[in-house]
Structures are given as C-alpha cells and as structure tokens.
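Undergrad: Just so it is clear: in the sequence shown, position 107 is 107 by UniProt numbering, and no numbers are missing. For each residue, glycine too, the CB sits at the ideal point set by N, CA and C. From a predicted model like this one, the values you see are computed outputs, not experimental measurements.
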Amino acid sequence: MTRLRRQLIPLVVLVMAVAVGIALGAGPLSDLGTSPPKAAAQPPQPTVDTAAQDRATYADAFAGTVSQGLYAGRLHGHAVVVLTLPGADDDVVDALTEQVRQAGTQVIGSYGLRRTLVDPTRKALVDTLGTQLVAQLGADVVTADATTYDRIGQLLGRAVSTASRKTGMDPAKVSSLRASLHGAGLLALPEDEPGLAPLVLVVTGSEVDAPVMNGLVSGLAAVAKGVVVAGPTKDADITTLRSAPPTRPVATVDGTDTGSGQVAAVLALIHVLATPGGSFGASGSDAPAPLG
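(1) Where does V80 fall in DSSP's three states?
(2) Of all the beta strand (DSSP E) runs that stay within the bounds of the stretch 147–229, which reach a length of 3 or more residues?
(3) Could you check if Q136 is buried or exposed, using at least 16 other CB atoms within 10 Å of its CB as the buried criterion?
(4) In terms of alpha-carbon separation, which member of L186, A188, D235 lies closest to A210?
(5) Please specify which runs of the alpha helix (DSSP H), each continuous and at least 4 residues long, are wholly inside the stretch 230–284, giving them in chain order.
(6) What number of angstroms, rounded off, separates the C-alpha of G278 from the C-alpha of P249?
(7) Considering only their Cβ atoms, is the gap separating P232 from G259 smaller than 9 angstroms?
(8) Rounded to whole angstroms, how far is the Cβ of L85 from the Cβ of G104, which I believe are closer than 8 angstroms?
(9) Enumerate in chain order the residues of its own chain whose CB-to-CB distance from I22 is below 7 angstroms, with the five nearest sequence positions on each side excluded.
(10) For a test of the three-state rule: what should DSSP assign to V142, helix, strand or coil?
(11) Can you tell me the Cα-Cα spacing of V81 and D90, whole angstroms?
(12) Nearest to A159 by CA position, among T147, Q132, E193, K166, is which residue?
(13) When you compare only the Cα positions, how much space is there between Y58 and G138?
(14) Give the straight-line distance between the Cα atoms of G69 and K166, rounded to the nearest whole angstrom.
(15) Identify which residue in D127, V93, L186, P198 has its Cα closest to the Cα of T116.
(16) Quick one, which of L267, A274, F280 has its alpha-carbon nearest G73's?
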C-alpha cells in the first residue's frame, strides 16, 4: 500500500500541474512571458500640396499688381457705401475699402445690417416699421407694389444711396430715416453723418433666408445707381441670388476671401455704373471679372 501511495503522488502532482497550466493559458495571465502585440499600422498620411499656398500667394500678388491698371481710376466721382450683413469678415471689408480707394474714390460710409433685420421670425416688426416709415416720409419713397423686405430694402436705399443728386431724398428726411432704422435695432450707423452714394457694396456674412436676401437687395437696386453683392468663394447667399435672381438686377461676386476676388468686386462696381447685374468671381457664370 505504501509503495502504491508513493507511485500515485507524482502522478497526481503531474495532473495538477497540467490542469493549472491549461487554466493559466486560458485566463488573463496567458500573455505573461509572451511577446507584446505589434502596433497597428498607421494610416497613410494625406499628401500635402506644398505648392498650393505659393500659387494662391502668387495669384493675389498678381491681382494686386495689375489692379490699378484695370481700375484706371474709373470710380472717380462715384462714391461707395458698404452694407455688411451679420457675420461679415471685418478684414475683408477693410481690404475692399482699400481697393475702392485705389479705384479712384472712397467708401463714404459703412453700415451694419443687424440680425433683427434679417431674422425671418422678426418679419412682423420689419413690416410694421416699414409701413410706418412710408407713412411718415411719403408714399413716393417706395414703389406701390413693394413687399415687406423689398420695402425695407428701398428704405435702406433711401438712407444710404441715390442714383443721382436730383433723386436723393431731403437731408433732413435722410437723417430721420437713419435714426429710425437705428433706433429699431435694424441698422448700425457710422460715427459721422455721410452723404448719399450712387454705388452700394453689400458684403455677405452668415447665411440669410432667400426671401429676405432677395427682397433687401432688390429694394436697394430700386434706389441706387448700382448694387454689387460680394462674398467668399461659393458663398451660400450669392449662390441663392444666382439661382433665383431678384426682381431688379444686382451684380454678384464670390471669392472675396482672395485678393483676386476683391479686385473683381471693385471691377463689378465699375461695371454696374453702365450695366446692372452680372455674375462674376470664383464661380461666376459670366466671367471671373468684368473687364468691359
């Protein structure tokens, strides 16, 4: 019996060792002593076009070099006012202002359109104010068939522009109209009291509902000698104006996020002195820039 016990003990120990080994191999300790897993392969990095920035810099430098020759001082005697939509880029507005100066004239006033004006949920306020202002100023300040945003666009036009000196509204009425639009939270005024300009440059910002944008620029075009709507490449508002043109023609230019687009916007101001409308810029259907 003792001899049998001595033979069984090593066998039991062997069986237990094998069992423990199997358990360890199936458990959380199974990786101990093994080689660490290989790191996952890194995805290939996108190829960077190192020449793209150089090309963009060259294009802007080229536009800046030839711009004055293209302008040829043709804006001389034709002042410009700027209307900025909420979200417009201040740096772009400054650059456009400088380009206007190089074309022989100046931006005599920069006005900011407030969010209340372009917010479709505030249409009742815009409609009521527009109706009241027409009653105060006289029915002849807007067209008889004007709708809410066309009406307020025409009133904005009366406050900042005129096609000619003969058609400009009385200065006292202009001042009163500006004060009313400002007091209602629709328009931010410049610090001084500028005169009226024949040309209006609208600089886009955050996207505006199509009926609002369409009515505003159409109303401006009823009063000003020429209206240009400018914004960055493939701007949503400009795309909308091109797909559903306003009832009165305005020129559109996209690409003002580049120097060449800014030059195209000023060339469009020259263009609308003689011919209203046109689609220009980075994705314009007429030409990159009007040269005629």
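TA: So, from the data block:
(1) strand
(2) 199–203
(3) exposed
(4) D235
(5) 236–243, 259–271
(6) 8 angstroms
(7) no
(8) Not quite, the Cβ-Cβ distance comes to about 26 angstroms (not below 8 angstroms), so this is no contact.
(9) Unreliable positioning characterises I22 in this predicted model, as indicated by a pLDDT of 39, which lies under 50. The coordinate reading is nonetheless provided below. Counting only Cβ-Cβ distances below 7 angstroms, and skipping sequence neighbours, we find nothing.
(10) coil
(11) 15 angstroms
(12) E193
(13) 53 angstroms
(14) 32 angstroms
(15) L186
(16) L267
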